[in-house]
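A short write-up of the structure that comes next.
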Amino acid sequence: MEFTWTATTERTLSAGSARLDVLEYSAAPMEGPLQGFPQMLARPARWRQLAVHVNGGTATLESGALQYLRGDLEMQAVSAAGGGGGLGGFLRGAVTAAATGEGMYKTAFRGSGVIYTEPTRLHLLLGELRGESVIVDDGAFVACTGDIAVSRHVNQGFAQMVGSGEGRVQPKLTGSGIFALQSPVPPEEFQILELQNDSLKVDGNLVVAYTDGLTFTVERSARGLLGSGKTGEGFVQAFRGTGRVWLAPTLPLHVGGVTG
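Its first residue numbered -4, the sequence shown is counted upward by one per residue in the working numbering.
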């Protein structure tokens, strides 16, 4: 059966002259049901797309996320190792390198217009930074706009977990503006936990982002000492201090197939 796809704006977030829209595409059958015959219809899963509205400002997208754009926008792939004139010089330092000296490439835009990302079946989460930093799970970053710098955070806590000298590299967003992340978990199922000189321990990869005012470590769990940890490795992620944590307790219900 053939379907037509209709887009609606699922949610939106604005800051200054910039705006992020989440477009959701749902399928409807092109043919009506046959009269007198019951019809069991399995609709395709919904797709989502991010629209980044820029008005004389800047935006940064994950490499490969762009589908198309409209308006007077300059575009260039940038990295800490890059430079030169034009947009590369304008955004020099917006994307920095890790201590290893390796560059992290993103796609940068400047001007006025609308940028559309590739459709995805993952859910899109919108958030705002107000002069702070947030560390994002690897693969979750989609886009940001405003005065936000994208850099690399080397998380040594994971190196301790695997007994390696190399840490896990994660995106770090710093500054003021709005951003979008992707996850198999709908935004309504996330818990944004406010920690005030508190501690949080999480068994499993349920955290999509946290503010860098928190101290992160990986610790052996009591269950792990008994050999009954979920992952078999017996470790938990520990967050201590003051800040926010984006936690997805329903993630295990979505793993194995992204729902619509």
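Think of the CB as a built atom: it goes at the ideal place given N, C-alpha and C, for glycine as much as any other residue. Remember, predicted model here, so these are calculated numbers, not experimental data.
Neighbour-count burial assignment, residue i, 16 or more Cβ in a 10 Å radius
| i | result |
| --- | --- |
| Tyr63 | exposed |
| Thr55 | buried |
| Ser196 | One point to set straight first is that residue 196 is Lys, not Ser, in the sequence displayed. Classification for Lys196: exposed. |
| Ile187 | exposed |
| Arg43 | buried |
| Thr4 | exposed |
| Ser12 | exposed |
| Thr53 | buried |
| Gly122 | buried |
Nearest-angstrom Cα separation, counted from residue j out to residue i
| i | j | result |
| --- | --- | --- |
| Leu242 | Val47 | 25 Å |
| Pro247 | Leu117 | 15 Å |
| Val145 | Leu8 | 19 Å |
| Leu61 | Thr112 | 4 Å |
| Leu120 | Pro182 | 6 Å |
| Thr1 | Ala22 | 7 Å |
| Val149 | Phe211 | 12 Å |
| Phe104 | Ala10 | 17 Å |
| Asn200 | Ile110 | 31 Å |
| Leu18 | Ala72 | 25 Å |
| Arg215 | Gln177 | 29 Å |
| Val202 | Ser194 | 14 Å |
Within-8 Å CB hit, residue i to chain B
| i | result |
| --- | --- |
| Val203 | As a matter of chain content, chain B is missing from the structure shown, which is built from one protein chain. |
Paired residues, beta bridge with residue i - DSSP
| i | result |
| --- | --- |
| Glu214 | Val231 |
| Tyr20 | Ala2, Trp42 |
| Leu201 | In the DSSP output, where bridge partners are listed per residue, Leu201 has none listed. |
| Gly106 | Gly52, Leu68 |
| Ser194 | Arg235 |
| His249 | Note: His249 sits in no beta bridge, so no partner. |
Close-in-space but distant-in-sequence residues of the same chain around residue i (CB under 7 Å, 5 per side omitted)
| i | result |
| --- | --- |
| Val180 | His118, Ala243, Thr245, Leu246, His249 |
| Leu168 | Leu124, Ser128, Val129, Val131, Cys139, Ile143, Val145, Phe174 |
| Glu184 | Ala243, Thr245 |
| Asp67 | Gly106, Ser107, Gly108 |
Residues near residue i by beta carbon distance below 8 Å, same chain, minus five either side
| i | result |
| --- | --- |
| Asn192 | Gly236, Thr237 |
| Asn(-2) | A quick correction: the sequence has Phe, not Asn, at residue -2. Closer than 8 Å at Cβ, skipping near neighbours: Ala22, Ala23, Pro24, Met25, Arg38, Pro39. |
6 Å Cβ shell around residue i - same chain, five flanking residues per side excluded
| i | result |
| --- | --- |
| Glu57 | Phe136, Val137 |
| Asp133 | Gln165 |
| Arg14 | His48 |
| Asp16 | Thr4, Thr7, Ala46 |
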